[in-house]
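Here the structure is laid out as structure tokens; the discussion comes afterwards.
In the working numbering, the protein residues as written are 40 to 264.
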């Protein structure tokens with residue numbers, strides 16, 4: 040982190056951000072549609088939407104607002120620009136996840152055998168990790184959940200993505216358990232969720248190294264302060 044990091048041009052920044060959002064949203068939408076296990080934050084939102092009988096898309100936004108407040112608490116200050124960027128990412132992304140899930144629902148995915156569904160679901164988790172890796176390195180627009188993980192990663196865990204991811208999963212795990220205890224139903228939690236819990240942090244670290252390896256973390260001081 041002490042080496043000088045080459046700054047991105049505006050065109051590079053926009054290209055990486057748009058690509059990463061598309062990859063991440065598509066991965067999330069695929070896992071929601073397959074119902075073989077979504078990433079922990081998405082899975083907990085799906086379970087909460089069923090508990091409250093509330094549409095997934097605005098609920099994802101409400102979730103993000105709560106995490107924005109948590110992030111401000113962790114860095115012990117309010118950064119208006121950071122919060123605005125979180126919202127600029129979160130609102131269109133939340134609706135994009137909902138829309139991509141609806142598009143995947145139009146495909147006959149339920150007719151696939153279980154092994155194929157699990158494989159596709161794990162591919163969805165891999166897409167999520169890849170998208171997160173790219174826009175965390177760009178570090179201009181972040182979803183509050185991923186900003187939360189990045190703050191933990193560089194402020195408390197010396198850049199270790201796996202440990203930071205496991206710790207960042209505690210809130211969605213807790214919410215999912217509460218929803219399951221109340222409804223006695225489980226949604227979006229399956230093999231893919233376990234795969235996400237065990238490997239998503241490590242997959243982000245691998246994507247940092249092998250997906251656009253010349254793209255280094257930009258402005259990471261704001262997360263580590």
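We treat Cβ as the ideally placed atom computed from N, Cα and C, and that holds for glycine.
| query | result |
| --- | --- |
| List in chain order: all unbroken alpha helix (DSSP H) runs of 4+ residues lying wholly within the segment 165–250. | 183–194, 200–207, 209–222 and 230–249 |
| Could you check the C-alpha separation between residue 51 and residue 173 for me, to the nearest Å? | 12 angstroms |
| Using 8 angstroms as the cut-off, can you tell me whether the segment 152–169 makes contact with the segment 209–228, which would need three or more C-beta pairs spanning the two stretches below that distance? | no |
| Nearest CA to the CA of residue 154: which residue from 181, 126 and 73? | 73 |
| Should residue 175 be labelled buried (16 or more other beta-carbon atoms within 10 Å of its own) or exposed? | buried |
| Would DSSP call residue 99 helix, strand or coil? | helix |
| Find the nearest neighbour of residue 131 within the set 149, 112, 96 and 168, judged by alpha-carbon distance. | 96 |
| Over what stretch of residues does the alpha helix (DSSP H) that includes residue 45 continue unbroken? | Note, residue 45: premise wrong, no alpha helix (DSSP H); not H, not E. |
| Taking the straight line between their C-alpha atoms, what separation do you get for residue 258 and residue 81? | 27 angstroms |
| Evaluate residue 256 with the Cβ neighbour count: other Cβ atoms within 10 Å of its Cβ, from every protein chain shown; 16 or more gives buried, anything less gives exposed. | buried |
| Looking at the structure shown, is residue 76 part of a helix, part of a strand, or coil, going by DSSP? | coil |
| Note down, in chain order, each residue of its chain lying with its Cβ closer than 6 angstroms to the Cβ of residue 68, except the 5 sequence neighbours on either side. | 136, 139, 140 and 143 |
| So, using beta-carbon positions, are residue 243 and residue 200 closer together than 8 angstroms? | yes |
| Residue 98 and residue 84 look like a contact to me (Cβ under 8 angstroms); what is the Cβ gap, rounded to whole Å? | 6 angstroms |
| DSSP on residue 254, reduced to helix/strand/coil? | coil |
| Residues in the same chain with beta-carbon distance under 8 angstroms from residue 46, minus the five sequence neighbours each way, listed in chain order, please. | 257 |
| Roughly how many whole angstroms lie between the Cα atoms of residue 217 and residue 103? | 19 angstroms |
| Alpha carbon to alpha carbon, how far is residue 57 from residue 148? Give it in angstroms, no decimals. | 27 angstroms |
| Between residue 55 and residue 150, what straight-line distance do the alpha-carbon atoms span, to the nearest angstrom? | 35 angstroms |
| Once DSSP output is grouped into helix, strand and coil, what is the label at residue 55? | helix |
| Out of curiosity, what's the CA-to-CA distance linking residue 215 and residue 59? | 26 angstroms |
| In angstroms with no decimal places, state the Cα-to-Cα distance between residue 249 and residue 238. | 16 angstroms |
| Check residue 160 in the structure and name its three-state DSSP category. | helix |
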